[in-house]
Every structure is written in C-alpha cells, then in structure tokens.
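If you use my numbering, the sequence shown corresponds to residues 157 to 359, in order.
Glycine residues also receive a C-beta, built at the ideal position from the N, C-alpha and C atoms.
Remarks on the structure that follows.
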Amino acid sequence: MMKKIIELIGCIWIAGVLLVACETPRVQRIEVGETVDVSGGWNDSDSRMVSEEMIADVLSRPWLDTYKNSHQGKAPTVIVGTVRNRSDEHINTRTFVKDLERSLINSGQVEFVADQAERQEVREERKDQAAHSSEATAKEEGQELGADFMLQGSINTITDRLEDRQVRFYQVNLELIDIKSHKKVWIGEKKIKKLVERSSVGM
C-alpha cells in the first residue's frame, strides 16, 4: 500500500514538473517609450527621463553663454566621462551614459567627441589607413578635437524596507568640469522615489 502511495506521489510530482515546463510565456509588445515598472528597480524609463531632464538643465545654465561669449560664439566641445554606480543594485551605467550622449548631441548646442575607448579604436583605424590607404584618403594624426568640458557623476540609492513594503530612493549627481582649469561649472541633481509593495499571498 505504501509503495503505491509513493508511486502516486511521484507521478503527481512528475506531472507537475512537466506542466510547468510546458507552459508558454505570455509575451506582449509595448511601446518603447512606455513606462513599465516590474521590479521597482532602476529601468530604461528612469535612465531616459533623468538624462533628458539633466541635460536640459545643464544646457540652460550660464556656463554655456559665458563660454560662447568668450570664444566668438563657438560651441563648447563636451565629453561624457565615468558615471559610477554607487547604488545597492546592478545598474547598467553604460546605457545611462549613452542616453546622456544622445541628449547632448541632439540638443545642437554643443559639439561632442568620442569617449576614451572609442577614440582608441579610431586611432587604430588611422594607423591602418597610414599603412594601407592612399595618401589622398588616409587621415592624418594630430587632427583630433580636444574636449573643453567633461560630464561625470554617480548614481546612488537608499532603500527603506518594512515587511512587504519598501521605498527606493535614487539620487543621480552629475558635474560638468572645465578640463583646462578643473573648475566645476555646473552641478546637477535628480531624485526619484518609488514605493514598492509586494503581496504576501502564497508565501
């Protein structure tokens, strides 16, 4: 009798495993710009919103007109440096940096140069051209455009938890630094606060 019960339990367990394995995930296509918070963590909507708002702020401050007035109307050249993740979760800061770069370039108010890794790849291409391309088409060394300002910063979080509720607080700090003088010409800050509630049903 006990053997039959064990066999029955085994069959039910196997059937359950097979049922779960055969479930088809439900996929729904949504608009790329639509905000969807699944986990309550930092997401693509946060990255896009913060980058657009902070770039709009930095470009509205006096440093830009001050630079143009002292350089015959010439637009400053900017590069985005390191944005450090000092939060308690994994954040792809590279995606955030690209959002910042896109907002800066699309503003049309500044010139923009490639970052360190991109410049190295371009330099390798110039070396290859010097060895293999015609003299008329090979690009010369020493013609790079140097940046006037570097944008860098960090993403920080504070998490407050109580049972099935938590408040996630994000603070993004960015600074624009004059590369020649090391003078900080702009400091920006953006805060996001999220209340995450999880159901305890079935736990």
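Counting C-beta neighbours from all protein chains within 10 Å, is the total for residue i 16 or more, i.e. buried, or is it exposed?
i           : result
residue 303 : buried
residue 276 : exposed
residue 359 : Here residue 359 scores only 42 on pLDDT, less than 50, and its place in the model is too uncertain to base an answer on.
residue 319 : exposed
residue 314 : exposed
residue 317 : exposed
residue 324 : buried
Looking at the C-beta of residue i, does it have a partner C-beta in chain B at a distance below 9 Å?
i           : result
residue 221 : Looking at the structure shown, chain B is missing, and only one protein chain is on hand.
Using only the alpha-carbon positions, how far apart do residue i and residue j sit?
i           : j           : result
residue 242 : residue 331 : 16 Å
residue 262 : residue 238 : 20 Å
residue 240 : residue 291 : 42 Å
residue 260 : residue 294 : 30 Å
residue 228 : residue 222 : 11 Å
residue 219 : residue 321 : 43 Å
residue 284 : residue 272 : 19 Å
residue 224 : residue 217 : 12 Å
residue 264 : residue 354 : 44 Å
residue 337 : residue 270 : 21 Å
residue 197 : residue 296 : 47 Å
residue 246 : residue 200 : 13 Å
residue 226 : residue 208 : 27 Å
residue 333 : residue 182 : 47 Å
Under the DSSP definition of a beta bridge, which residues are partnered with residue i?
i           : result
residue 268 : 234
residue 305 : 234 and 334
residue 313 : 326
residue 346 : 328
residue 354 : DSSP, once it has assigned bridges, lists no residue as partnering residue 354.
What whole-angstrom Cβ distance do residue i and residue j have, given they're in contact under 8 Å?
i           : j           : result
residue 206 : residue 328 : 5 Å
residue 344 : residue 214 : 6 Å
residue 267 : residue 236 : The pair is not a contact, with the Cβ atoms about 13 Å apart (cut-off 8 Å).
residue 255 : residue 203 : 5 Å
Is there contact between the segment 268-285 and the segment 343-350, where contact requires at least three CB pairs shorter than 8 Å? Per the Cβ contact rule, the segment 268-285 is not in contact with the segment 343-350 (fewer than 3 Cβ pairs under 8 Å).
- If you pair each beta-carbon of the segment 219-235 with each one of the segment 298-318, do three or more pairs fall below 8 Å? yes
ask   = How about the segment 285-301 and the segment 242-255: do they share at least three Cβ pairs that are nearer than 8 Å?
value = no
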